[in-house]
Amino acid sequence: MSSTQYLRPARLDDALVALGTHPWTVLAGGTDFYPGRVGKPVDVDVLDITRIADLRGIEVTAGGVRIGATATWSELIAAELPDVCGGLKAAAREVGGVQIQNTGTVAGNLCNASPAADGVPALLALGAEVELRSGRGARRLPLGEFVLGSRKTARRPDELVVAVHLPAWPQGAKGVFLKLGHRRYLVISIVMVAACVALDAVGRIARCAIAVGACSAAAQRLSSLEARIVGMKPDAAVASVAANDLAGLTPIDDVRGSAAYRRDAALTLVRQAIEEAAR
Ligand SMILES: Cc1cc2nc3c(=O)[nH]c(=O)nc-3n(C[C@H](O)[C@H](O)[C@H](O)COP(=O)(O)OP(=O)(O)OC[C@H]3O[C@@H](n4cnc5c(N)ncnc54)[C@H](O)[C@@H]3O)c2cc1C
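The sequence shown runs 3 to 281 under my numbering.
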């Protein structure tokens, strides 16, 4: 019979030393870790990071927002965040039920890298960066370079995600998140769209970011569409959105919906998200 180890350090440095010397599996809220092992004994050595004070909390500064690696979805919902984070808060309310939100972490959602992870498009649209640390040092990656595909991230085995950083947006910018599932709550997404929009003094789009999830192995920003609609009035921008703007998506056929249905739904949700974020 093999035995496994469990480590729950109180100091970040101790966790980093451990990760640098042994292959540990990181455990945060466990809401992805445990469901992936139902009926099976835990057969990996577990590094539980929930006791590390440096990884907790959500801080808002003039430069943006720092979400600590063990900050939960419930903490995010309760935090006073700029309006542009409205889409992220809406996504947080979609992650399972309240029990899951009380335990599951924002960073865990990114590290798990499910194509249907609600946090990924919302954080992509905000321009989030992921801060990684190891005994060798620290680095920050834009979220689009961190989540590389289905269950695949750029995290190296000795690295820990220590925080997620959101840049500041102009005053008045707004963010929305729209999710299509088979029912209203407790459902895996068929398509989700997040948009953040800032308008200029005459009501034209000054800055925008749009991300689509569950339509490719990793959620994607629609960068060409974003660049094209900057400078336009929101109504004209919405009217101009066409199927071609979503050509880079690669939705699949599965039990939840066909690829064609996903494309169609994504087009509708992108138009709706821009309209709502610019309102
Ligand atoms: C009933 C139920 C419903 C759910 N509904 C939804 C839903 O609607 N939408 C949705 O998006 N998700 C949903 N989830 C999935 C899950 O709750 C979220 O993805 C959650 O945010 C995961 O966070 P966690 O802290 O529990 O991660 P954990 O399970 O602790 O970890 C997840 C993965 O990330 C790694 N990891 C975690 N933190 C770090 C870190 N700091 N550094 C490096 N690696 C790390 C772990 O090793 C593991 O591989 C649901 C889960 C359940 C059980």
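C-beta atoms are modelled at their ideal positions from N, C-alpha and C, and glycine is treated no differently.
Close Cβ partners of residue i (< 8 angstroms) along its chain, the five nearest in sequence each way excluded
{"i": "residue 174", "result": "85, 200, 201"}
{"i": "residue 274", "result": "180, 195"}
{"i": "residue 112", "result": "119, 121, 122, 125, 132, 145, 148, 149, 155, 163, 166"}
{"i": "residue 78", "result": "60, 69, 90, 91, 94, 108"}
Nearest to residue i (by Cα), restricted to the options the options
{"i": "residue 145", "options": "251, 192, 133, 153", "result": "133"}
{"i": "residue 203", "options": "40, 280, 88", "result": "280"}
{"i": "residue 44", "options": "7, 54, 78, 53", "result": "7"}
{"i": "residue 12", "options": "33, 27, 49, 24", "result": "49"}
{"i": "residue 168", "options": "185, 131, 80, 108", "result": "131"}
{"i": "residue 198", "options": "56, 120, 232, 211", "result": "211"}
{"i": "residue 129", "options": "221, 10, 28", "result": "221"}
{"i": "residue 186", "options": "57, 205, 257, 96", "result": "96"}
{"i": "residue 101", "options": "75, 266, 5", "result": "75"}
{"i": "residue 55", "options": "46, 47, 72, 227", "result": "72"}
{"i": "residue 25", "options": "258, 31, 35, 158", "result": "158"}
{"i": "residue 34", "options": "17, 105, 83, 276", "result": "105"}
{"i": "residue 259", "options": "82, 14, 184", "result": "184"}
Limits of the alpha helix (DSSP H) - the one that residue i falls within
{"i": "residue 86", "result": "Looking at the DSSP string, residue 86 is not in any alpha helix (DSSP H), and its letter there is neither H nor E."}
Beta-carbon contacts of residue i that lie in its chain and below 7 angstroms, excluding the five residues immediately before and after
{"i": "residue 268", "result": "193, 195, 214, 217, 248, 251"}
{"i": "residue 271", "result": "180, 182, 193, 195"}
{"i": "residue 207", "result": "199, 201, 231, 232, 233, 234, 236, 239, 280"}
{"i": "residue 227", "result": "212, 243, 247"}
{"i": "residue 46", "result": "6, 27"}
Close-in-space but distant-in-sequence residues of the same chain around residue i (CB under 6 angstroms, 5 per side omitted)
{"i": "residue 190", "result": "118"}
{"i": "residue 1", "result": "Nothing about residue 1 can be reported from this structure: the residues present for the chain run from 3 to 281 only."}
Boundaries (first-last residue) of the beta strand (DSSP E) holding residue i
{"i": "residue 228", "result": "First-last for residue 228: 225 to 231, but that is the alpha helix (DSSP H), not the beta strand (DSSP E)."}
{"i": "residue 166", "result": "162 to 169"}
Environment of residue i [buried if 16+ CB atoms lie within 10 Å]
{"i": "residue 151", "result": "exposed"}
{"i": "residue 178", "result": "buried"}
{"i": "residue 60", "result": "buried"}
{"i": "residue 114", "result": "buried"}
{"i": "residue 161", "result": "buried"}
{"i": "residue 28", "result": "buried"}
{"i": "residue 67", "result": "buried"}
{"i": "residue 31", "result": "buried"}
{"i": "residue 127", "result": "buried"}
{"i": "residue 37", "result": "exposed"}
{"i": "residue 17", "result": "buried"}
Going along the chain, which unbroken runs of the alpha helix (DSSP H) with 4 or more residues stay wholly within the segment 236 to 263? 236 to 242
Going residue by residue through the segment 13 to 80, where are the continuous beta strand (DSSP E) segments of at least 3 residues, counting only ones entirely within it? 27 to 29, 48 to 50, 60 to 63, 66 to 70
Which residue spans inside the segment 179 to 228 form an unbroken beta strand (DSSP E) run of at least 3? 193 to 201, 207 to 215
Whole beta strand (DSSP E) elements within the segment 102 to 166, 3-residue minimum: 131 to 136, 139 to 144, 149 to 151
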